[in-house]
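What follows is one structure encoded as structure tokens, with my remarks underneath.
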Amino acid sequence: MNANRHPSEIDLALYSGGDLAWAARVKTAAHVRGCADCKTRVAAYRADTRVASTVALTMPQSLDWDRLADEMTGNIRVGLAAGECVAPLVPKTQPSRFGFGRSWQQGLAYSAIAVVVMGAWWVNTPAAESSAIGRISRALWTQTPVAMLAEPGVTVEASPGGVLVKENGSSMALTSPGNRPVAVSVSLQGSARARYVDDDTGQMTITTVYVQ
Amino acid sequence: MSEADHLEKPGFRPADAAAAELQNRLISENMRRVFLVIYRMVGNVADAQDLTQEAFIKALQRQDQLKDPDRAAQWLSRIASNTAIDFLRRQGRVNFCEIDEVADPLVSHAPSPEQEVLRGERREMLDAGLRRLTERERTALLLRDVEGLDAEEVAERLGCSKATVRSHIANARVKFRQYLERRKS
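Residue numbers (the numbering used here), protein chains in the order written: chain H, 37 to 248; chain X, 196 to 380.
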């Protein structure tokens, strides 16, 4: 075989370790089978690999391995102990005192219990109160004044401006001009309340409207 | 050190005795190999010692990630080689994605082959052969031929292409061969 057609040293080195791409590997294998020189080169590279591995995993002669190993083992233990000291006090996976791990299953279980309790409470609440709670919830959600339908045609509304009673298109407002509103509220029993405080005197005014 | 001694260390509270035993076993069975692989990569004992300790601490702190204890050696080896590769990068000592010229590999500031023959130590001679490789070639060769990773895995660890890794591996083998041939002659 013409020497010019020998695979390159690079290809032979890669071929010896099975690192050539498929096409080049097939071509090189075909050549090596029929070329004693290249076969010898490949065998030498394979022997070198074994030698290099052995050398790489041989301890340098000047090193006192036992002493070094003891020192490193001690340092590793100190490092681990230091890591333990600075670790969070409650590891993420530590079970709670109720015996549950902190996990999505636990969250799901709590959510399901909450839904059942809320549902049972809602079902056992009188219709009028349920309706009022619904309106109050919507008012809170939409940031509008809290209003309550006391009876057909009569609405009681509590807002930072005061308490407003509406009936058949007429309305009456109980306000406290100049005073700072502290809290306004409506109750399920049929009342609306507004509390104000005078910034100058500190006097508090409470307006409560009961609907009967 | 016995397991009991281990457990009595102040501040060190492994989750249970089995975990402590696994830690002891991981250290005793793998430290020598991990140290040597790192030592060959970084080239000096002091850095190799620090990096070996760092690798073991990292590994043992994430011990729960080890799903299959039978693969502990490979798992540790991966952490160790990554620790060494990160170190070499941080030091700016090596860019794994550059390729060295394979031509004239014996030009070096290291002692000449003749001087090393006078020392008469075969092992030292072979050791010198490895030291003549560049860090990227030596690292690629160690990962491929000592750790037994394939070229694709080596490329992944070094963060460069498979073709580049093949060049490093081939250059390393050719240079080592040329070194040995020159020593024989």
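Don't be surprised by glycine CBs; every beta carbon is placed ideally from N, CA and C.
Inset, instruction - In the DSSP assignment, find the unbroken alpha helix (DSSP H) run with M154 (chain H) in it and report its ends. - result: 140-159
Legend entry - Residue(s) in a DSSP beta bridge with R231 (chain H): H:A219, H:I242
Legend entry - Pairwise C-alpha distance: Q141 (chain H) and T237 (chain H): 55 Å
Inset, instruction - Pull up the CB-CB distance for T334 (chain X) and M236 (chain X), whole angstroms please, since I reckon it's below 8 Å. - result: 5 Å
Legend entry - Within chain X, the residues that T85 (chain H) reaches when beta carbons sit closer than 8 Å: D340, R368
Legend entry - Within 7 Å of chain H by C-beta, residues of the stretch 239-262 of chain X in sequence order: V240, Q244, T247, Q248, F251, I252, L255, Q256
Inset, instruction - Taking V240 (chain X) as part of the beta strand (DSSP E), name the residues at either end of that continuous run. - result: From DSSP, V240 (chain X) is part of no beta strand (DSSP E) but of the alpha helix (DSSP H) over 240-256.
Legend entry - Residues from the stretch 264-282 of chain X in contact with chain H, defined by Cβ distance under 7 Å: none
Inset, instruction - Report yes or no: is there a C-beta of chain H within less than 7 Å of the C-beta of L321 (chain X)? - result: yes
Legend entry - Neighbour flag for D299 (chain X) against chain H, beta carbons, 7 Å: Bear in mind that the predicted position of D299 (chain X) carries a pLDDT of just 43, short of 50, making it unreliable; the figure below should be weighed with that in mind. Cβ-Cβ to chain H under 7 Å: no for D299 (chain X).
Inset, instruction - Could you pull the start and end residues of the alpha helix (DSSP H) that E45 (chain H) belongs to? - result: 45-52
Legend entry - Selection from X:L221, X:E216, X:F230, X:L246 that minimises the alpha carbon distance to L283 (chain X): X:L246
Inset, instruction - Please determine, among X:R257, X:K370, X:T359, the residue with the shortest C-alpha to C-alpha distance to V214 (chain X). - result: It is Ala, not Val, that sits at residue 214 (chain X) in the sequence shown. Minimum Cα distance to A214 (chain X) is reached at X:R257.
Inset, instruction - Kindly indicate the opening and closing residues of the alpha helix (DSSP H) around G110 (chain H). - result: 101-122
Inset, instruction - State whether the stretch 360-372 of chain X contacts the stretch 326-345 of chain X, with contact taken as three or more CB pairs (one from each stretch) at a distance under 8 Å. - result: yes
Legend entry - Proximity test, Cβ basis, 7 Å: A317 (chain X) and chain H: Note on residue identity: the sequence assigns Arg, not Ala, to residue 317 (chain X). Chain H, which has no Cβ nearer than 7 Å to the Cβ of R317 (chain X), makes this no.
Legend entry - Residue-level contact to chain X via CB, T161 (chain H), 7 Å cutoff: no
Inset, instruction - Let me know if N366 (chain X) comes out buried or exposed under the rule of 16 or more other beta-carbons within 10 Å of its beta-carbon. - result: buried
Legend entry - Amino acids of chain X, ordered along the chain, whose beta-carbon sits closer than 8 Å to that of D89 (chain H): Checking the sequence, you will find Ser at residue 89 (chain H) rather than Asp. The answer, in chain order, is D340, V341.
Legend entry - Cβ neighbour criterion (16 or more within 10 Å) applied to S380 (chain X): exposed
Legend entry - M95 (chain H) (DSSP reduced to helix, strand or coil): coil
Inset, instruction - Give me whichever residues DSSP pairs with K202 (chain H) in a beta bridge. - result: H:T191, H:S207
Legend entry - Distance between beta carbons of V245 (chain H) and S221 (chain H), contact taken as under 8 Å: Rounded, the Cβ-Cβ distance is 11 Å, inconsistent with contact.
Legend entry - Three-state secondary structure assigned by DSSP to A350 (chain X): helix
Legend entry - Spatially closest choice to E224 (chain X) from X:G238, X:R266, X:Q260, X:C292, by CA coordinates: X:R266
Inset, instruction - Report the three-state DSSP secondary structure of P131 (chain H) (helix, strand or coil). - result: Any reading at P131 (chain H) must be qualified, since the residue scores a pLDDT of 49, below 50, and its modelled position is unreliable; no value is offered.
Legend entry - Coarse secondary structure for C74 (chain H), derived from DSSP in three states: helix
Legend entry - Closest by C-alpha distance to R318 (chain X), when choosing among H:T90, H:E120, H:L144: H:T90
Inset, instruction - Answer with yes or no whether the minimum CB distance from Y51 (chain H) to chain X is below 7 Å. - result: no
Legend entry - L325 (chain X) in three-state terms, based on DSSP: helix
Legend entry - Where Y232 (chain H) falls, given that 16 or more other Cβ within 10 Å makes a residue buried: buried
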